[in-house]
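Q: In the numbering used here, the protein residues as written are 17 to 465.
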Amino acid sequence: MIRFKRSGLVVGVSAAAIVVGALSSSAAFASTATAQPEGDPLFTTEGGVAQQFLAGARTIPHWTFQYTDPTNGVTYPITMVGNDPKTGLPSNVHTVIIPLKMNFVGAGQNTSSLNDLGYVGFRAPALTHSFDGSSKVAATLGSPVFTDYTYPNDLGGDTGQLGDTFMRSQFNKIGSAYHVKLVNDSVFTTQTLNVPAQFGIAYVRPVPAWRVANGYQAVPDVTGVADVNWFSVQLQNMMKTLRVSPETLPIFLTDNVLLYQKTYTNCCILGYHGSGSEMPNSHGTGSINGQGNQPVQTYSYAAYATPGTYSGFETDYTGVRGAPRPTRGLADIHALSHEISEWLDDPFTNNAVNPWKTPTAPQYGCTRLLEVGDPVVGVWFGLNGNVFDGAKAYNQWHPEDEVFAQWFGRGGVEAAGYHSYTNRLTFMGSRTIGLGGAYTGFGSYALGC
Numbered sequence: 017m018i019r020f021k022r023s024g025l026v027v028g029v030s031a032a033a034i035v036v037g038a039l040s041s042s043a044a045f046a047s048t049a050t051a052q053p054e055g056d057p058l059f060t061t062e063g064g065v066a067q068q069f070l071a072g073a074r075t076i077p078h079w080t081f082q083y084t085d086p087t088n089g090v091t092y093p094i095t096m097v098g099n100d101p102k103t104g105l106p107s108n109v110h111t112v113i114i115p116l117k118m119n120f121v122g123a124g125q126n127t128s129s130l131n132d133l134g135y136v137g138f139r140a141p142a143l144t145h146s147f148d149g150s151s152k153v154a155a156t157l158g159s160p161v162f163t164d165y166t167y168p169n170d171l172g173g174d175t176g177q178l179g180d181t182f183m184r185s186q187f188n189k190i191g192s193a194y195h196v197k198l199v200n201d202s203v204f205t206t207q208t209l210n211v212p213a214q215f216g217i218a219y220v221r222p223v224p225a226w227r228v229a230n231g232y233q234a235v236p237d238v239t240g241v242a243d244v245n246w247f248s249v250q251l252q253n254m255m256k257t258l259r260v261s262p263e264t265l266p267i268f269l270t271d272n273v274l275l276y277q278k279t280y281t282n283c284c285i286l287g288y289h290g291s292g293s294e295m296p297n298s299h300g301t302g303s304i305n306g307q308g309n310q311p312v313q314t315y316s317y318a319a320y321a322t323p324g325t326y327s328g329f330e331t332d333y334t335g336v337r338g339a340p341r342p343t344r345g346l347a348d349i350h351a352l353s354h355e356i357s358e359w360l361d362d363p364f365t366n367n368a369v370n371p372w373k374t375p376t377a378p379q380y381g382c383t384r385l386l387e388v389g390d391p392v393v394g395v396w397f398g399l400n401g402n403v404f405d406g407a408k409a410y411n412q413w414h415p416e417d418e419v420f421a422q423w424f425g426r427g428g429v430e431a432a433g434y435h436s437y438t439n440r441l442t443f444m445g446s447r448t449i450g451l452g453g454a455y456t457g458f459g460s461y462a463l464g465c
């Protein structure tokens, strides 16, 4: 379960006119209207295969350890990607990128639930628009997810891929022979999805609408949002049709297409990862009786995010700024960095921990999942070299911070012999704590619910 081409924006009418017109049309109601919260970005998981069914399975390389949480005395088995860091052995994990071209139609969908989203006067007419994920393949392959970059000294100064550097820091293996590297075997032919009107809309979100209306940009950026359950079925069917190897991680890549749950306002999911045995039955929960040879597929979806999809990245209605807020780096590979790191630490979406809750990510409530990106959604550090998105992304990549397994384990992971670099609890270490407020909580272990 979810735990969860026409190139013009609108035929015959300019998108800028629609945005500005929508703003002015609500002026009469401005005195009584109240702005709706823009909403928090969300990531989730799908499916799950229990550790006992992985023995002998045809799947990605993985290893398992266990630790005992000293705060409740419970022993938790944890499965991760690659080789056990105690062996010091490197590993390569193969991936394929599957770009998605998603076509949305403006068919008079009722978007009144989005009225005054973010600020009073905002309106969101449904647009006809195509989003082609293949346009983001070169940037994705050139990003830190797949290409070696050198990380700041206070993050360890390592050189490597983002996920590899995260794993090496998490297990104090910076400078060693231990690696978990991604090897992308191929880019599949772009898969086209025509989104039925009842399962999605394309619209201009509040930040670009406000920016166009106030002269900060000429052409509004458009976001697609699709129903998560409809989208999941499409991915399951694609994996079956495309015959993706269970020993490979397929990455479904969209160009700023996000997901909603049931209603447009219950939005937006920017990425998820999942797993299942004998795909694609029942959203990845097929038969587990494979006599030690069953295929177990892991997979991921991520949106290559356009800056300004959420507030806090560029000058917008929340106030003047010249750079992204330190907790709103929702641009370029931010979503993919989140999903890759979570997949590395919980590839089969089965790693349970002592339940945790943090005020830095209230959208997750109380959860027992080892999902390393969820507590720090939006928190980022910059890496120079984003030549693909240029000035709009400040010529930087915006990967997300990640919380180490040690934070979830409350001391039990270290007791099992797995220490992190400088004994930190997040990849960004003191940078995260230095954000102040609730983020100071990452200077100590997770609290319960």
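The beta-carbon is built from N, C-alpha and C at its ideal position, and this holds for glycine as well.
1) Indicate the three-state DSSP secondary structure (helix, strand or coil) for H350 in the structure shown.
2) What does a CB cutoff of less than 6 Å around V260 pick up in its chain, not counting 5 residues either side in sequence?
3) Does the beta-carbon of A31 have 16 or more other beta-carbons within 10 angstroms, so that it is buried, or is it exposed?
4) If we require 3 or more residues per run, which beta strand (DSSP E) segments fall completely within the region 302-382?
5) Looking only at its chain, what residues have a beta carbon closer than 6 Å to the beta carbon of T239, apart from the 5 residues adjacent to it on each side?
6) Under a three-way DSSP split, which group does S146 fall into?
7) Helix, strand or coil, according to DSSP, for S202 in the structure here?
8) With DSSP as the reference, identify every bridge partner of W396, one or two as the case may be.
9) If E263 sits next to T75, beta carbons under 8 Å apart, how far is it from one beta carbon to the other, in whole angstroms?
10) Just to confirm my understanding: we take V393, look at its own chain, exclude 5 residues before and 5 after, and list those with CB closer than 6 Å. What are they?
11) Quick check on the DSSP output: what are the complete beta strand (DSSP E) runs of length 3 or more inside the region 207-256, in order along the chain?
12) Residues in the same chain with beta-carbon distance under 8 Å from L386, minus the five sequence neighbours each way, listed in chain order, please.
13) Below 9 Å between beta carbons: does that hold for R184 and Y437?
14) Restricting to runs no shorter than 4 residues, where is the alpha helix (DSSP H) found entirely within the region 404-453?
15) Please classify D170 as buried or exposed, where buried requires at least 16 other C-beta atoms within 10 Å of its C-beta.
16) Evaluate A213 with the Cβ neighbour count: other Cβ atoms within 10 Å of its Cβ, from every protein chain shown; 16 or more gives buried, anything less gives exposed.
17) Taking the CB atoms as reference points, tell me whether R426 and A462 lie closer together than 9 Å.
18) Do the region 283-294 and the region 51-68 touch if we need at least three Cβ pairs shorter than 8 Å?
19) As a quick exercise: from L130, V90, L198, pick the residue whose alpha carbon is nearest that of V109.
20) Who are the near neighbours of V35 in its chain, counting only those whose CB is closer than 7 Å to its CB and skipping five residues on each side?
21) Given this structure, state the Cα-to-Cα distance separating A123 from R139, to the nearest angstrom.
22) Whole angstroms are fine: how far does the CA of S129 sit from the CA of V29?
23) Any idea which residues DSSP pairs D100 with across the strands?
24) Just tell me which of G406, D100, E358, G338 has its CA closest to the CA of T322.
25) If you draw a straight line from the C-alpha of D174 to the C-alpha of I190, how long is it?
26) Output the distance between the C-alpha atoms of M254 and S107, rounded to the nearest integer angstrom.
27) Let me check understanding here. Comparing Cα to Cα, which of D201, G134, F182 lies closest to T52?
28) Where does G459 fall in DSSP's three states?
29) With 16 as the cutoff for other CB atoms within 10 Å, does S357 come out buried or exposed?
30) Helix, strand or coil: which one does DSSP assign to V196?
31) Assuming Y317 and L251 form a contact by the criterion Cβ under 8 Å, report the distance between their Cβ atoms to the nearest whole angstrom.
32) Curious, which full-length beta strand (DSSP E) runs of at least 3 residues does the region 39-97 contain?
33) I need the straight-line Cα distance from T301 to V121, nearest angstrom please.
34) At the level of alpha carbons, what is the spacing between T87 and C382?
35) Please classify D348 as buried or exposed, where buried requires at least 16 neighbouring CB atoms within 10 angstroms.
36) Using a Cβ-Cβ cut-off of 7 Å (strictly less than) and excluding sequence neighbours within five positions of I449, which residues of its own chain qualify?
A: So, to answer that:
1) Translated into positions along the sequence shown, residue 350 becomes position 334. Three-state DSSP puts H350 in a helix.
2) Start at 1 with the first residue of the sequence shown, and residue 260 comes out as number 244. Closer than 6 Å at the Cβ level, and outside the excluded window around V260, lie P266.
3) Within the sequence shown, the letter at position 15 stands for residue 31. Residue placement at A31 cannot be trusted, given a pLDDT of 38 that sits under 50; the coordinates are not used to answer.
4) As far as the region 302-382 is concerned, its whole beta strand (DSSP E) runs of at least 3 residues are 312-320, 368-372.
5) The residue you call residue 239 lines up with position 223 of the sequence shown. Leaving aside the five residues that flank T239 on each side, the residues in its chain whose CB is nearer than 6 Å to its CB run, in chain order, R221, N272, T325.
6) Taking the sequence shown and counting its residues from 1, one reaches residue 146 at position 130. Correct three-state label for S146: strand.
7) The residue given as residue 202 occupies position 186 in the sequence shown. Strand.
8) Position 380 of the sequence shown, counted from the start, is the residue given in the question as residue 396. As computed with DSSP, W396 is found in a beta bridge with E416.
9) Translated into the one-based positions of the sequence shown, residue 263 becomes position 247. Translated into the one-based positions of the sequence shown, residue 75 becomes position 59. Right, their Cβ atoms sit about 6 Å apart.
10) Walking along the sequence shown from the start, residue 393 turns up at place 377. Within the same chain, and ignoring the five residues on either side of V393 in sequence, the residues whose Cβ sits closer than 6 Å to its Cβ are P57, A377.
11) The region 207-256 contains these whole beta strand (DSSP E) runs: 207-210, 216-219, 239-243.
12) As a first step, residue 386 must be located in the sequence shown, where it is residue number 370. These residues qualify, in order along the chain: I94, D361, D362, N367, A368, V369, A421, F424.
13) Along the sequence shown, read from residue 1 onward, the residue named residue 184 stands at position 168. Along the sequence shown, read from residue 1 onward, the residue named residue 437 stands at position 421. Yes, these two residues count as a Cβ contact at 9 Å.
14) Qualifying alpha helix (DSSP H) stretches, in chain order: 421-425, 428-431, 446-449.
15) On the sequence shown, residue 170 is found 154 positions in, with the first residue counted as 1. When all chains shown are included, D170 counts as exposed.
16) In the sequence shown, the residue the question calls residue 213 occupies position 197. With fewer than 16 other Cβ atoms within 10 Å, it is exposed.
17) Residue 426 sits at position 410 when you count from the first residue of the sequence shown. Residue 462 sits at position 446 when you count from the first residue of the sequence shown. A contact, by the Cβ cut-off of 9 Å.
18) Flag = yes, the region 283-294 and the region 51-68 touch.
19) Within the sequence shown, numbered from 1, the residue matching residue 109 stands at position 93. Relative to the Cα of V109, the nearest Cα in the group L130, V90, L198 belongs to L198.
20) For the purposes of this step, residue 35 is identified with residue 19 of the sequence shown, where counting begins at 1. Caution is warranted here: a pLDDT of 41 is assigned to V35, below 50, making its placement in the model unreliable, and the coordinate value is therefore given only provisionally. Correct list, in chain order: V220, A225, V228, A229, P236.
21) For this step, residue 123 is matched to residue 107 along the sequence shown. For this step, residue 139 is matched to residue 123 along the sequence shown. If you take the alpha carbons of A123 and R139, they lie about 16 Å apart.
22) As a working mapping, residue 29 is identified with position 13 in the sequence shown. As a working mapping, residue 129 is identified with position 113 in the sequence shown. Note that V29 scores 30 on pLDDT, short of 50, meaning its location in the model is unreliable; the coordinates nonetheless yield the value given after this. Across the structure, V29 and S129 are spaced so that their CA atoms are roughly 23 Å apart.
23) Sequence index remark: in the sequence shown, residue 100 carries index 84 (1-based). BP columns for D100 are empty, so no partner.
24) Position 306 of the sequence shown, counting from 1, holds the residue named residue 322. Closest option to T322, Cα to Cα, is G406.
25) For the purposes of this step, residue 174 is taken as residue 158 along the sequence shown, with counting starting at 1. For the purposes of this step, residue 190 is taken as residue 174 along the sequence shown, with counting starting at 1. In this structure, the CA atom of D174 is about 6 Å from the CA atom of I190.
26) Numbered from its first residue, the sequence shown carries residue 254 at position 238. Numbered from its first residue, the sequence shown carries residue 107 at position 91. Those two C-alpha atoms are separated by around 28 Å.
27) Here the question's residue 52 lines up with position 36 in the sequence shown. One point to set straight first is that residue 52 is Gln, not Thr, in the sequence displayed. Closest in alpha carbon position to Q52, among D201, G134, F182, is G134.
28) As a working mapping, residue 459 is identified with position 443 in the sequence shown. Of the three classes helix, strand and coil, the one that applies to G459 here is helix, per DSSP.
29) If you number the sequence shown from 1, residue 357 lands on position 341. It is buried - the Cβ of S357 has at least 16 other Cβ atoms within 10 Å.
30) Position 180 of the sequence shown, counting from 1, holds the residue named residue 196. In this structure, V196 counts as strand in the three-state DSSP scheme.
31) Walking along the sequence shown from the start, residue 317 turns up at place 301. Walking along the sequence shown from the start, residue 251 turns up at place 235. So it is a contact: roughly 6 Å between Cβ atoms.
32) If one requires a minimum length of 3 residues, the beta strand (DSSP E) runs lying completely within the region 39-97 are 58-63, 78-84, 91-97, in chain order.
33) Mapped onto the sequence shown, residue 301 falls at position 285. Mapped onto the sequence shown, residue 121 falls at position 105. Low local confidence applies: a pLDDT of 40 at T301 is under 50, so the model's placement there is unreliable, and no value is given.
34) For this step, residue 87 is matched to residue 71 along the sequence shown. For this step, residue 382 is matched to residue 366 along the sequence shown. Those two C-alpha atoms are separated by around 17 Å.
35) The residue you call residue 348 lines up with position 332 of the sequence shown. It is buried - the Cβ of D348 has at least 16 other Cβ atoms within 10 Å.
36) In the sequence shown, the residue the question calls residue 449 occupies position 433. Apart from the 5 residues on each side of it in sequence, I449 sits with its Cβ closer than 7 Å to the Cβ of Y455, T456, F458, G459 in its chain, given in chain order.
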